[in-house]
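Numbering (my numbering), first residue to last: 2 to 479.
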């Protein structure tokens with residue numbers, strides 16, 4: 002019924018198709034008895050789980066800023082300021098004859114609808130998650146057809162791309178527009194659509210994908226990224242006259258700076274099909290956006306740069322865009338988990354030239370990919386266990402010295418300049434993070450050899466990282 006009404010000359014208007022279905026679901030919520038989707042879950046919006054998380058429901062601008070429409074328009078324009086940096090027009094490519102569009106199975110759509118979290122805030126369409134989950138059986142057929150029509154046309158319905166931005170204060174006292182974090186509320190139907198596309202993209206990642214990118218990889222997690230950085234450092238520090246410099250990068254509004262045309266070009270190099278690349282290009286362009294606080298809403302602006310925070314695909318797209326950010330020198334490693342990026346420089350004989358050149362190259366790569374490095378929030382840790390430590394010259398990024406700290410946050414834990422990890426580092430089969438101290442050597446026993454593998458073999462294997470760390474410290478103190 003809906004598709005036929007939106008089809009003209011054998012061509013379906015995907016915008017009209019999606020809007021009519023969304024309007025019908027809203028009508029069902031208002032008057033469930035008169036529609037085929039009559040259900041207790043459609044009685045009233047309040048009963049449909051239109052619950053906002055506390056940060057979204059109660060977030061208000063500071064009294065000094067007010068919440069009038071003019072202020073919200075200024076805030077909306079501020080959030081969309083990266084649009085001015087994008088001068089590359091979005092152009093879809095013509096698919097090859099043998100290339101076919103992704104086709105989603107109705108069983109997968111139904112499964113995704115059944116897994117919708119009901120307490121998530123609805124998007125601009127005001128359709129709550131509980132309606133989609135409880136009425137999954139009735140909605141599966143029409144939503145599967147909308148999704149597949151969208152994929153075949155490489156066009157995302159405009160109503161699916163619309164986003165309502167909720168400004169969440171970053172700190173208690175607001176002094177500027179930059180003190181607000183934009184959190185996008187998008188239609189939950191689109192989130193379901195994105196999850197299905199995301200699963201397909203992850204399943205098609207090539208084996209040549211950056212091995213030190215730990216996000217969206219099977220059997221990998223933040224713990225693997227942390228342990229890899231520690232392992233690289235500790236293995237290097239076993240050798241004499243060595244130290245390690247770890248640079249923890251901070252990108253300013255990383256997701257909001259993505260240039261769609263550049264990103265889609267990289268996806269093509271990774272082997273993704275032209276129809277999928279065209280669909281993603283459409284997903285990222287011509288996105289209506291408004292800012293809402295309470296009952297006040299700003300004017301709508303249209304953006305074709307970035308991917309809003311709150312979209313399911315945003316972290317994955319950023320991960321794909323940065324896949325070619327790899328080290329040039331064998332003594333440097335770039336450990337990544339989505340937008341968390343750490344440069345590990347393994348330095349010998351106090352010659353850190355390769356490390357500094359690597360950082361300079363990284364800065365140029367960021368400039369070429371429209372990413373803005375925040376030098377003020379970028380931190381560096383220097384790990385040096387030698388008794389006599391030379392002074393380490395500061396590292397410069399865009400003529401600003403990077404602050405050297407004794408500890409910093411790294412993927413949910415705090416890491417210190419002696420490579421101690423403070424926080425919940427979950428190791429399979431273990432509870433908590435406390436590690437046993439290195440057993441003290443009895444006076445009558447011969448001293449343990451300096452090589453760490455002997456100690457790991459001699460003493461219990463429950464906490465190899467902590468034992469390895471103790472041995473490396475002992476070696477440098479000898």
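For each residue, glycine too, the CB sits at the ideal point set by N, CA and C.
- Apart from sequence neighbours up to five positions away, the residues of its chain that approach residue 312 with a beta-carbon distance below 7 Å are 185, 187, 195, ordered along the chain.
- Counting only unbroken stretches of 4 or more residues, the alpha helix (DSSP H) elements lying wholly within the stretch 245-300 are 261-270, 275-285, in sequence order.
- With distances taken between CA atoms, residue 256 lies nearest to 305 out of 245, 202, 305.
- A straight line joining the alpha-carbon of residue 151 with that of residue 15 spans about 7 Å.
- With a threshold of 16 other beta carbon atoms within 10 Å, residue 347 meets it and is buried.
- Beta-bridge annotation (DSSP): residue 115 is not paired with any residue.
- Within the DSSP secondary-structure output, residue 98 pairs in no beta bridge.
- Around residue 123, the same chain offers 51, 129, 130, 186, 188, 189 as residues with beta carbons nearer than 8 Å, after the five sequence neighbours per side are excluded.
- Between the stretch 293-307 and the stretch 170-185, the count of C-beta pairs closer than 8 Å stays below three; the two stretches do not touch.
- Pairwise C-beta distances place the stretch 259-272 in contact with the stretch 281-296, as three or more of them are shorter than 8 Å.
- In the three-state reduction of the DSSP assignment, residue 343 falls in the strand class, which pools E and B.
- Annotation: residue 144 to residue 240 spans about 60 Å, alpha carbon to alpha carbon.
- According to the DSSP assignment, residue 403 belongs to no alpha helix (DSSP H), since it is labelled neither H nor E.
- If you compare the alpha carbons of 314, 73, 111, 199 with that of residue 166, the shortest gap goes to 73.
- Shown here, residue 203 sits in a helix according to DSSP, grouped into three states.
- Following the DSSP letters along the chain, one finds residue 182 in no alpha helix (DSSP H) but inside the beta strand (DSSP E) bounded by residues 181-186.
- Three or more pairs of CB atoms, one per stretch, sit closer than 8 Å, so the stretch 240-255 contacts the stretch 326-346.
- Of 413, 8, 3, 2, the smallest CA-CA separation from residue 224 is found for 413.
- When DSSP states are grouped into helix, strand and coil, residue 335 belongs to the strand group.
- Assignment of residue 84 by DSSP, reduced to helix, strand and coil, places it in the helix class.
- In the three-state reduction of the DSSP assignment, residue 397 falls in the strand class, which pools E and B.
- Note on geometry: alpha-carbon atoms of residue 147 and residue 400 lie some 51 Å from one another.
- With a 10 Å radius around the Cβ and a threshold of 16 neighbouring Cβ atoms, residue 98 comes out exposed.
- In this structure, the beta-carbon distance from residue 18 to residue 7 falls below 8 Å.
- For residue 417, the uninterrupted beta strand (DSSP E) segment begins and ends at 414-417.
- From the listed residues 108, 320, 209, 266, the smallest Cα separation to residue 90 is found for 266.
- Under a 10 Å Cβ-count criterion, residue 353 is classified as buried, with 16 or more other Cβ atoms of the shown protein chains found around its own Cβ.
- Secondary structure in the stretch 104-179: the beta strand (DSSP E) runs of 3 residues or longer, each lying completely within the stretch, are 164-170 in chain order.
- Per DSSP, residue 384 is one residue of the beta strand (DSSP E) stretching across 380-384.
- Runs of the alpha helix (DSSP H) lying entirely within the stretch 352-380, each at least 4 residues long, are 354-369 in chain order.
- A direct Cα-Cα distance of roughly 45 Å separates residue 371 from residue 31.
- Within the DSSP secondary-structure output, residue 303 pairs in a beta bridge with 289.
- Around the beta-carbon of residue 81, 16 or more other beta-carbon atoms lie within 10 Å, marking it buried.
- Beta-bridge partners of residue 189 (DSSP): none assigned.
- Within the same chain, and ignoring the five residues on either side of residue 96 in sequence, the residues whose Cβ sits closer than 6 Å to its Cβ are 275, 276.
- Take residue 320, set aside five residues on each side of it, and the residues of its chain with a beta-carbon closer than 7 Å to its own are 214, 216, 217, 339, in chain order.
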